[in-house]
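Please read the structure below before turning to the comments.
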Amino acid sequence: MALSATSVGTAFVRRRSPAGRAALLLLPGLAAACAFGGAPGAGPRVTVTPPRAVSPAPSADGVLTLRVGIAGERGVRILDLPLEDYVLAVVRAELPSGVLADPAAAGMLEVQAIVSRTFAIANLGRHRAEGFDVCGGTHCQVLRPPDAARAAPDEAARAVAATRSLVIAHEGRAIQALFHAACGGHTASGASVWGGSEPYLAAVPDSFCSRLPAQAWTFEADGASLARALASSPAMDVGTGLARIDITERDVSGRVTRVALTGSRTVSVRAEAFRGALRTAFGERSLRSTRFTVAQDGRRFIFQGTGLGHGVGLCQAGALERILAGVSPADVIAHYFPGTRVMPADGVGRPAP
Ligand SMILES: [Zn+2]
Ligand SMILES: [Zn+2]
């Protein structure tokens, strides 16, 4: 099990702000299922490996190459990509075409490039047991294979070149640069979502995100189908029908952190695990975040919430709004990863022994 860094298939569409300024609105899209994630219903993919020191060992020609495993119907295809090519392929996949083509959003491409480069360096060898470094699914970072993107230099290529080798560091090490689609107004700490201790994965308010329209979502399901979704995990199995959901704990960001589920028996589970089980059963558009309330109407449960994704680290929707408002990429990153610095990967620290 491992925490996904990536957004859950963000899609943005253009909107016109009241002031007439062109802006971009985030809508939840479909996530690619990751072949390397946790078992279905296992809940949050929450193991974060210790960050590696900045300055990974380059290959003989001086270029760090990532071995990327891309799951397909015929098994896993391995792609060896120089780091900067990998970052470009990720930027092109993680940001929608409207953002990639908008000159006003150029800074967002730089933010994504720095974040995705940092994630790659911090997670080299994450899939060592399977014979590659990172996967091409939402478990690590999705990417658009370079062949499909071969074209004249574009904004994405410009942003990757402009930020070449820059990473986010904390105490000389590349951070776990997690990101998500939309926080809904307040990010979550790694500590509250899975018990992590990284000080830079702190919960921060995001006024830019809460101004966005279309942040609210609703999901409804009946107790019997919810019980079936939960039965895939012994720790969440409540029997044949779910009769009650009690929110027993929330964190500072307003996210639910624990729920008590009552059927023929009562279990108390982490809210991210509960969300994971529902996402597996009903899809990414079900419980989009743990920032929700729940009401009951007979046998049906009605969830209403804001935000999309786990809420930890950089919020893509808020980051984009900040860029469009004139905030620099470095200041955007500093907001979502407090206490960190953006610096050249080869200028700090040594590889971990
Ligand atoms: Zn992966
Ligand atoms: Zn946000």
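The letter at position 97 of the sequence shown is residue 106 when you use this note's numbering, and the numbering goes up by one with no holes.
Quick reminder that beta carbons are idealized off the backbone N, C-alpha and C, glycines included.
In this text the structure is predicted, and so the values were computed from the model without any measurement.
Any non-hydrogen atom of ligand 1 within 7 Å of residue i CB
i: R86; result: no
i: H319; result: no
i: L344; result: The amino acid at residue 344 is misidentified as Leu; the sequence shows His. No; taking the cut-off as 7 Å, the Cβ of H344 has no heavy atom of ligand 1 nearer than that.
i: G146; result: yes
i: V151; result: no
i: H136; result: yes
i: V143; result: yes
Short Cβ contact (8 Å threshold) for residue i with residue j
i: R274; j: V247; result: yes
i: V213; j: Y95; result: no
i: F128; j: F228; result: no
i: A269; j: L251; result: no
i: L175; j: I130; result: no
i: E281; j: W203; result: yes
i: G318; j: S262; result: no
i: T302; j: R264; result: no
i: M149; j: R135; result: At residue 149 the sequence reads Cys, which differs from the Met that was named. Going by C-beta atoms, C149 is nearer than 8 Å to R135.
i: R288; j: L296; result: yes
i: G322; j: L187; result: yes
i: F310; j: G232; result: yes
i: A114; j: I332; result: yes
i: A191; j: S242; result: no
i: L75; j: A165; result: no
i: C6; j: G327; result: No answer is possible for residue 6: the residues shown for the chain start at 10 and end at 362.
i: H179; j: G348; result: yes
i: E93; j: R173; result: yes
i: L221; j: E330; result: yes
i: V77; j: P91; result: no
i: T249; j: G272; result: yes
i: H189; j: Q325; result: yes
i: D260; j: S201; result: yes
i: V336; j: I177; result: no
i: E103; j: S125; result: yes
i: A244; j: V278; result: yes
Cβ-heavy atom distance, residue i to ligand 2, below 7 Å
i: A114; result: no
- Query: Hey, which unbroken runs of the beta strand (DSSP E) at 3 residues or more fall wholly within the region 78 to 146?
  - Reply: The qualifying runs are 84 to 91.
- At which residue ranges does the region 221 to 274 contain complete alpha helix (DSSP H) runs of 4 or more residues, listed in the order of the chain? Within the region 221 to 274, the complete alpha helix (DSSP H) runs of at least 4 residues are 232 to 239.
- Task: Would you mind listing the beta strand (DSSP E) stretches within the region 280 to 350 that are 3+ residues and don't spill past its ends, in chain order?
- Result: Taken in chain order, the whole beta strand (DSSP E) runs of length 3 or more contained in the region 280 to 350 are 301 to 306 and 309 to 315.
- Task: Specify which residues have a beta carbon nearer than 7 Å to any heavy atom of ligand 2, listing them in chain order.
- Result: Residues with their Cβ less than 7 Å from any non-hydrogen atom of ligand 2, running along the chain, are A191, C192, G193, G194, T196, D215, F217, C218, C324, A326 and G327.
- At what residue ranges does the region 144 to 212 contain a whole run of the alpha helix (DSSP H), taking only runs of 4 or more? Segments of the alpha helix (DSSP H) lying fully in the region 144 to 212: 155 to 158, 164 to 171 and 199 to 203.
- Message: Three Cβ pairs or more, each shorter than 8 Å: is that satisfied between the region 139 to 148 and the region 191 to 204?
- Response: In short, these stretches do not touch, since the Cβ pair count stays below three.
- Item | Touch test, the region 147 to 155 against the region 98 to 114, Cβ-Cβ under 8 Å, three pairs minimum | The region 147 to 155 is in contact with the region 98 to 114.
- Task: For the region 281 to 297 and the region 329 to 344, state whether three or more C-beta atom pairs, one from each stretch, are separated by less than 8 Å.
- Result: Result no; under three Cβ-Cβ pairs closer than 8 Å.
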